[in-house]
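In full-length UniProt numbering, the protein residues as written are 1 to 330.
Using N, Cα and C, we set each Cβ at its ideal position, and we do this for glycine too.
Please read these numbers as outputs of a predicted model, since none were measured by experiment.
Some notes on the structure that comes next.
This is the structure:
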């Protein structure tokens with residue numbers, strides 16, 4: 001089969017199209033899936049740049065998000081049959097094969113039936129960002145109906161689904177964006193207010209929009225400087241959740257505000273083999289599939305590219321400021 005191989009640690013040029021052996025079912029509960037699409041996420045570019053999470057030799061196949069059709073099942077598989085369309089977040093971290101490939105094998109426990117109304121590309125775009133946004137908003141952030149949430153980088157992959165999930169919860173959503181065009185986009189996704197941070201930052205605007213109280217929950221998808229500035233726009237006794245390492249900074253104001261600070265790394269259950277936590281990920285996909293089929297939730301795909309264009313996809317993500325998701329079609 002054809003697959004994109006990470007041949008070394010480095011720039012996007014290390015991603016090469018190769019012919020490799022097709023994976024085979026090795027346990028009774030596995031599915032063999034013909035992949036139709038693979039989502040591209042920032043974590044893929046970081047692994048390519050800095051190395052695998054596991055001490056395994058290269059080359060390796062990247063790509064955590066996949067969607068495809070079941071073509072073979074193990075003898076003990078009870079949840080799926082050949083022909084089923086499935087989506088999942090599995091592999092691509094340096095241990096199991098990722099999804100930049102034509103075929104993969106996955107245990108039935110980690111797969112879920114795709115939304116009936118989604119294309120393969122739409123389904124492949126969503127698992128990692130849905131699970132990430134859900135964990136940050138609800139599990140770490142405790143978001144409730146009627147509360148105000150500030151979502152940074154609302155036009156991005158995680159941000160645009162976080163907006164939709166927050167609105168489904170009944171929250172008021174403020175989000176930051178870099179341009180007027182992206183402001184229009186996030187409002188189409190359901191955001192109540194968009195702050196264009198490239199003009200005068202975001203702190204004064206958010207505090208004005210919240211009458212000086214700040215947001216009940218602030219979700220940082222950007223990094224250290226944004227995290228630091230977000231402390232002063234988080235309401236007293238509120239939650240501040242980040243996807244990234246905030247670095248060394250003074251938390252005196254966060255302490256004065258009695259903030260709950262949380263970290264969301266949706267890869268942890270895979271990296272630490274926390275099976276029950278991974279079960280929760282599958283439950284999230286099942287719930288989100290229902291919302292997608294009802295028209296309450298959708299993916300925005302900015303670009304669909306062929307498998308052989310994986311290196312270009314990585315370049316686009318690393319250039320920054322992309323809207324929604326990039327998907328590789330297989």
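**Report entry** Inter-residue Cα distance where the pair is residue 231 and residue 204
**Finding:** 13 Å
Query raised in the report: What are the residues that DSSP puts in a beta bridge with residue 277?
Result: Residue 277 pairs with nothing; no bridge assigned.
Query - Beta-carbon gap between residue 174 and residue 111 smaller than 9 Å - result: no
Query raised in the report: So who's on the other strand from residue 112, going by DSSP bridges?
Result: 87
Query raised in the report: From residue 218 to residue 45, what distance separates their C-alpha atoms?
Result: 26 Å
Query raised in the report: Would you report the Cα separation of residue 1 and residue 307, rounded to the nearest angstrom?
Result: 12 Å
Report task. Please classify residue 264: is it buried, with 16 or more other beta-carbons within 10 angstroms of its beta-carbon, or exposed? Result -> buried
Query raised in the report: If you follow the alpha helix (DSSP H) that residue 238 is part of, which residue opens it and which one closes it?
Result: Premise fails: residue 238 lies in the beta strand (DSSP E), 234–242, not in any alpha helix (DSSP H).
Query - Segment contact, 8 Å Cβ cut-off, at least three pairs: the segment 114–125 with the segment 289–306 - result: yes
Query - Member of 66, 151, 317 whose CA lies at the smallest distance from the CA of residue 104 - result: 66
**Report entry** Spatial distance of residue 159 from residue 5 (CA atoms)
**Finding:** 29 Å
Requested in this report: Please find out if some non-hydrogen atom of the ligand GDP comes closer than 8 Å to the beta-carbon of residue 267.
Outcome: The ligand GDP is absent from the structure shown, which contains no ligand whatsoever.
Query raised in the report: Taking the DSSP output, what are the residues bridged to residue 260?
Result: 239
Query raised in the report: Helix, strand or coil: how does DSSP classify residue 298 here?
Result: coil
Query raised in the report: Going by the beta-carbon positions, is the gap between residue 48 and residue 300 smaller than 9 Å?
Result: no
**Report entry** residue 190 - DSSP class collapsed to helix/strand/coil
**Finding:** coil
Report task. Put residue 137 into one of helix, strand or coil per three-state DSSP. Result -> helix
Query - Selection from 164, 37, 39, 58 that minimises the alpha carbon distance to residue 8 - result: 58
Requested in this report: Can you give me the Cβ contacts of residue 78 inside the same chain, cut-off strictly under 8 Å, excluding the 5 residues immediately before and after it?
Outcome: 108
Query raised in the report: Can at least three beta-carbon pairs, one atom from the segment 89–106 and one from the segment 133–151, be found at a separation below 8 Å?
Result: no
Query - First and last residue of the uninterrupted beta strand (DSSP E) at residue 316 - result: Taken as a continuous stretch (DSSP letters only), residue 316 belongs to no beta strand (DSSP E), being part of the alpha helix (DSSP H) at 310–319.
Query raised in the report: Measuring CA to CA, which of 11, 120, 43, 276 is closest to residue 35?
Result: 120
Query raised in the report: Which runs of the alpha helix (DSSP H), 4 residues or longer, sit entirely within the segment 162–211?
Result: 180–188, 197–200, 203–209
Requested in this report: Less than 8 Å between the CB atoms is what I'm expecting for residue 182 and residue 155, so what's the real figure, rounded?
Outcome: 4 Å
Query raised in the report: Hey, quick one: how far does the beta strand (DSSP E) through residue 53 stretch, first residue to last?
Result: Neither: residue 53 is in no beta strand (DSSP E) and is coded neither H nor E.
**Report entry** Among 149, 86, 150, nearest to residue 127 - alpha-carbon criterion
**Finding:** 86
Requested in this report: Report the partner residues of residue 327 according to the DSSP bridge assignment.
Outcome: 39, 304
Requested in this report: Under 8 Å Cβ to Cβ from residue 31, same chain only, skipping five residues before and after it: list those, please.
Outcome: 25, 70, 72, 73, 74, 77, 80, 86, 105, 106, 107, 108, 111
**Report entry** Cα-Cα separation, residue 253 to residue 241
**Finding:** 16 Å
Query raised in the report: What's the gap between the Cα of residue 210 and the Cα of residue 170?
Result: 17 Å
Report task. Please name the residue or residues paired with residue 68 in a DSSP beta bridge. Result -> 35, 86
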